[in-house]
Structures are given as C-alpha cells and as structure tokens.
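Add 130 to a position in the sequence shown, counting from 1, and you land on the number used in this note's numbering.
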Amino acid sequence: MSSPAERFAAEAPGTDVRGATAPAAEIAVSARGVRKEYLGGDGRTLTVLAGVDLDVARGEAISVIGRSGSGKSTLLQVLGGLDVPNAGTVHVGGRDLARLNEEDLARVRSTSIGFVFQFHHLLREFTALENVMMPQLIAGAGDRQARDRARELLAGVGLEDRATHKPSQLSGGEQQRVAVARALANRPLVLLADEPSGNLDPETAEAMHDEFFRVCRDEGAALVLVTHDLALAARAGRVLRLHAGHLENAHGPEPGLLE
Ligand SMILES: Nc1ncnc2c1ncn2[C@@H]1O[C@H](COP(=O)(O)OP(=O)(O)OP(=O)(O)O)[C@@H](O)[C@H]1O
Ligand SMILES: [Mg+2]
Numbered sequence: 131m132s133s134p135a136e137r138f139a140a141e142a143p144g145t146d147v148r149g150a151t152a153p154a155a156e157i158a159v160s161a162r163g164v165r166k167e168y169l170g171g172d173g174r175t176l177t178v179l180a181g182v183d184l185d186v187a188r189g190e191a192i193s194v195i196g197r198s199g200s201g202k203s204t205l206l207q208v209l210g211g212l213d214v215p216n217a218g219t220v221h222v223g224g225r226d227l228a229r230l231n232e233e234d235l236a237r238v239r240s241t242s243i244g245f246v247f248q249f250h251h252l253l254r255e256f257t258a259l260e261n262v263m264m265p266q267l268i269a270g271a272g273d274r275q276a277r278d279r280a281r282e283l284l285a286g287v288g289l290e291d292r293a294t295h296k297p298s299q300l301s302g303g304e305q306q307r308v309a310v311a312r313a314l315a316n317r318p319l320v321l322l323a324d325e326p327s328g329n330l331d332p333e334t335a336e337a338m339h340d341e342f343f344r345v346c347r348d349e350g351a352a353l354v355l356v357t358h359d360l361a362l363a364a365r366a367g368r369v370l371r372l373h374a375g376h377l378e379n380a381h382g383p384e385p386g387l388l389e
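This is how it looks when you write it as structure tokens:
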C-alpha cells in the first residue's frame with residue numbers, strides 16, 4: 131500500500147500552489163498571505179503573523195528561528211491545521227485546509243501531519259505504546275499493524291522497555307520521545323517540530339534531531355523545525371527568521387541573528 135504522503139500527492143497534484151520553485155506536486159506545505167491575530171487581555175488586537183508566504187517541498191528541511199513571542203508556535207499551529215488564520219491560505223499536499231470539512235481536516239491532520247509540540251500533549255490515560263498506536267488506529271490501521279509499528283518506533287527512540295508506562299510514569303524527556311514516535315507513526319508528509327528537545331540531554335537531543343533529518347531525507351517528509359538553537363537551525367537547508375510578523379531569510383548563525 132502507498133504511504134499517506136504518496137496518496138495525497140497522487141490525489142492532489144497541487145496545481146493551485148502559486149510561485150513555487152519546486153514542481154507543484156512536490157510542495158508538501160505552503161502558506162500564502164497568512165495573517166493571524168489574537169485579541170489580547172487588554173482588548174487590543176495583536177498581529178502575530180502579518181502575511182506569511184512559505185513553500186516547503188517534500189524532502190526539504192527548513193528551520194524557523196525568532197525571539198520568544200515572535201509567533202513561531204502560532205505559525206506551526208496554522209501550518210498544521212490546528213489553528214485557523216484570519217486571512218490567507220494553507221495547503222498541505224495540495225489541499226486547501228480551509229476548504230476541508232471537519233472530518234477531512236481531521237484526516238489530513240492525522241495522516242499527513244506529524245506534530246511534535248513544545249509541550250508534548252500525550253494522552254494521560256494511555257500507555258506509551260497506545261499513544262503511538264492511536265494516530266494509526268484513527269487513520270484506519272489494524273490493531274496488530276499499529277502495535278508492531280508503535281513497538282518499532284518506541285525502540286527507535288530507545289524506549290522499548292517503557293512501552294507499558296503511562297505518561298506520569300515517564301520522565302519529561304521520555305515523554306517527549308514518545309511524542310516524537312507518535313508524530314512519526316503515520317509517516318507524515320509534513321513534520322512540524324516546535325522546540326522538540328528542550329528537556330533532553332545533548333546526546334538524546336542529537337539522536338532525535340538525526341531522526342527528524344533522516345525522516346525528511348529518506349521518507350520525503352517536509353520538516354519545519356522551530357528552535358532557538360542556532361547550530362541546530364543551521365542543519366536545515368534554509369533558515370528563516372520570524373520577525374515583526376514576517377518570515378525573512380536568515381543567513382547563517384551570525385551574532386545578533388535573534389535581534
Ligand atoms: N491564544 C492567544 N491569545 C492571545 N495571545 C496569544 C495567544 N497565543 C499566543 N499569543 C501571543 O502571540 C504571540 C506569539 O506567540 P507564540 O506562542 O506563537 O510565540 P513563539 O514565537 O512560539 O514564542 P516562544 O519562543 O516563547 O515559544 C505571543 O506574544 C503570545 O503572547
Ligand atoms: Mg513557541
């Protein structure tokens with residue numbers, strides 16, 4: 131059976147992606163004129179994204195840097211269909227998220243998008259293994275198939291002996307690694323990682339980052355990695371800085387890059 135990424139690419143060649151440098155079918159996620167505003171506690175409107183344009187091709191890794199509060203998590207949430215922009219469009223696998231009904235949007239989110247959050251959001255009532263099985267079951271995998279892949283993914287993040295632990299019985303870093311396994315469970319077309327290694331030791335963090343770049347390179351996922359770590363950011367093919375609501379090219383980890 132073809133992967134969800136391949137199925138989406140086949141179903142939707144992405145003809146309405148404008149201005150792309152890669153062939154349209156190769157664009158995994160794109161944003162056009164995306165605006166996001168929040169109403170602050172003081173009743174004033176805060177414009178976090180002021181017209182963001184972005185294309186990320188399959189197999190491409192980009193990193194997004196920027197000061198705390200600049201809107202990086204907001205951008206990932208909008209790209210991943212977890213939040214709706216006030217204006218502009220987001221396409222995933224050539225599909226306009228705004229045109230999907232709730233059921234189709236949920237399906238795209240669970241089959242095409244892998245999200246590693248700044249804070250992990252595991253399901254507390256379920257074991258590590260069940261947390262990794264869940265997105266696969268939602269996407270229609272059989273129990274046996276989901277279980278086997280979940281075991282394999284947990285082994286891949288060094289947690290084969292923690293499969294039956296619930297989140298409360300795991301360390302913070304272990305919970306985060308379960309969240310990574312869960313994000314990869316359905317072989318996503320787009321992998322969105324938001325400061326994924328905050329509470330990991332350097333070796334474990336590096337292994338996680340290696341896995342992200344491997345999935346991008348070998349499985350053709352588009353990787354969007356938000357990080358404050360400039361050395362990590364520089365591993366991506368493109369480094370973009372979110373500043374004053376816009377994405378700008380950032381050229382290498384120079385001093386003052388986060389200014
Ligand atoms: N639901 C909300 N309502 C109002 N304001 C919000 C909401 N969510 C985020 N904000 C504001 O939007 C801005 C961007 O937040 P966001 O979480 O995207 O920043 P960030 O770049 O991810 O920051 P960090 O590096 O600290 O994680 C912040 O100033 C925040 O206060
Ligand atoms: Mg954030």
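We put the beta carbon where it would ideally sit given N, CA and C, even for glycine.
On a predicted model such as this, the values are computed, not experimentally measured, just so you know.
Rounded C-alpha distance that separates residue i from residue j
{"i": "A361", "j": "A228", "result": "35 Å"}
{"i": "L230", "j": "T204", "result": "20 Å"}
{"i": "V246", "j": "L322", "result": "6 Å"}
{"i": "E349", "j": "R307", "result": "19 Å"}
{"i": "S240", "j": "L206", "result": "15 Å"}
{"i": "V369", "j": "Q266", "result": "32 Å"}
{"i": "A363", "j": "V356", "result": "8 Å"}
{"i": "A311", "j": "E378", "result": "31 Å"}
{"i": "A180", "j": "R371", "result": "14 Å"}
{"i": "V168", "j": "V186", "result": "Position check: residue 168 holds Tyr in this sequence, whereas Val was assumed. So the alpha carbons of these two residues sit roughly 26 Å apart."}
{"i": "A366", "j": "K166", "result": "25 Å"}
{"i": "A380", "j": "M264", "result": "37 Å"}
{"i": "A351", "j": "D291", "result": "28 Å"}
{"i": "E341", "j": "L252", "result": "20 Å"}
DSSP state of residue i mapped onto helix, strand, coil
{"i": "H221", "result": "strand"}
{"i": "K166", "result": "strand"}
{"i": "A366", "result": "coil"}
{"i": "N379", "result": "strand"}
{"i": "F343", "result": "helix"}
{"i": "A374", "result": "coil"}
{"i": "S298", "result": "helix"}
{"i": "S200", "result": "coil"}
{"i": "A311", "result": "helix"}
{"i": "V194", "result": "strand"}
{"i": "D331", "result": "coil"}
Best match in the options for proximity to residue i [C-alpha to C-alpha]
{"i": "V262", "options": "R162, L284 and R317", "result": "L284"}
{"i": "H376", "options": "H339, S160, L184 and L169", "result": "L184"}
{"i": "P326", "options": "V159, S193, L169 and V186", "result": "S193"}
{"i": "A293", "options": "A315, N329 and F256", "result": "F256"}
{"i": "G244", "options": "H373, G328 and V159", "result": "V159"}
Identity of the residues DSSP links to residue i by a beta bridge
{"i": "I268", "result": "DSSP lists no partner for I268."}
{"i": "S242", "result": "Paired residues: none, contrary to the question."}
{"i": "A187", "result": "I157"}
{"i": "A285", "result": "DSSP output for A285 lists no bridge partner at all."}
{"i": "T175", "result": "L169"}
{"i": "R258", "result": "Checking the sequence shown, residue 258 turns out to be Ala, not Arg. Note: A258 sits in no beta bridge, so no partner."}
Touch test, the region 326-338 against the region 287-307, Cβ-Cβ under 8 Å, three pairs minimum: Enough Cβ pairs lie closer than 8 Å, so yes.
Check whether the region 272-279 and the region 208-224 touch, using three or more Cβ-Cβ pairs below 8 Å as the test. Contact fails: fewer than three Cβ-Cβ distances are below 8 Å.
Check whether the region 159-177 touches the region 231-238, counting contact only when three or more Cβ pairs, one atom from each stretch, lie closer than 8 Å. No: the two stretches stay apart, fewer than three of their Cβ pairs being nearer than 8 Å.
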